[in-house]
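Heads up: the structure comes next, in structure tokens.
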DNA sequence: GTAGTACTTTATAATGATTCTAAAAAGGTG
DNA sequence: CACCTTTTTAGAATCATTATAAAGTACTAC
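Protein chains in written order, with my numbering: chain A, 123 to 254; chain B, 123 to 254.
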């Protein structure tokens, strides 16, 4: 299986559940945005075994920590994740409550002029809210 | 009282509670970031009357809708608000879990090249995550 | 392969922020 | 003041997320 090494290399045991979640998350043409609830539904559709909600939470957090998923900073009652881990940004359509990718090339270069002593920049994320 | 007109002009009755919350939010030299819990604490310290938590929620949402407060897009278990409603951005210190204002001038001009049909840009918000 | 250990999964309970409810209180108008 | 509408309130309800602790599984050494 193609995800066994990936998991092992990052110190995660390649359990059946994790491999199945990898299939759902990473085995698709396009990257996508999801909430835990979205993912739970998707798993129910695509996987015949049942995976407990707690495991889904654990796995998503583990994958995020390892850098296989990114959280999308947005105010919502649920946390949004992205399988696109490249450096990029988002549109947020307020009416449809939908996220749309915004590649780095679609945003001019961003230069943060202010420096904070002893801290370094980990990421720069742009959220563009859209209305009709 | 200086906030009576402000409230009346936006169609909100100037109740005792709303005026007191205005004092706490807007009667300070500097703008600040807060969660509902932060605000609740601040009110308890500064105001002798008790204001119910439900009223604080109602009022903050009403003020946000009227444009007197802004939500800060950030993934957290609590919603962060800002009394600084000018067009600006934020640093987020991951370790200290603290927000720091980033004026527009501290960020180079941002040019969103991609257009979405039938939608217009309402806001562009930048979140810069900081680590040690 | 087996034994031992550490990690993982699981169902369920607990937590905690936010929203809902419906009754009491207060503001606004004539 | 009398009336109607808006607002406040305490407490209950909701819902995403996290904690718990027992059972199951992966890995390592022999």
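Backbone N, C-alpha and C fix where the C-beta goes; we use that ideal spot for every residue, glycine too.
Residue i by DSSP, collapsed to three states: which one?
i	result
residue 209/B	coil
residue 238/B	coil
residue 169/A	coil
residue 127/A	helix
Within 8 Å (strictly less), CB to CB, does residue i reach chain B?
i	result
residue 219/A	no
residue 267/A	Summary: the structure shown does not reach residue 267/A, with chain A confined to residues 123 through 254, and so no result is reported for it.
residue 250/A	yes
With a threshold of 16 other CB atoms inside 10 Å of the CB of residue i, please say whether the residue is buried or exposed.
i	result
residue 243/A	exposed
residue 181/A	buried
residue 175/A	exposed
residue 172/B	exposed
residue 179/A	exposed
residue 204/B	buried
residue 124/B	exposed
residue 192/A	buried
Roughly how many whole angstroms lie between the Cα atoms of residue i and residue j?
i	j	result
residue 165/B	residue 198/B	22 Å
residue 201/A	residue 127/B	38 Å
residue 154/B	residue 132/B	22 Å
residue 223/B	residue 143/A	38 Å
residue 141/A	residue 229/B	41 Å
residue 152/B	residue 158/B	18 Å
residue 247/A	residue 177/B	33 Å
residue 161/B	residue 149/B	14 Å
residue 227/B	residue 211/B	10 Å
residue 135/A	residue 218/B	31 Å
residue 145/B	residue 139/B	10 Å
residue 239/B	residue 187/B	26 Å
Can you check whether the C-beta of residue i is within less than 8 Å of a C-beta belonging to chain A?
i	result
residue 193/B	yes
residue 186/B	no
residue 182/B	no
residue 226/B	no
I think residue i touches residue j, with their Cβ atoms under 8 Å apart; what is that distance to the nearest whole Å?
i	j	result
residue 196/A	residue 195/B	5 Å
residue 253/A	residue 241/B	7 Å
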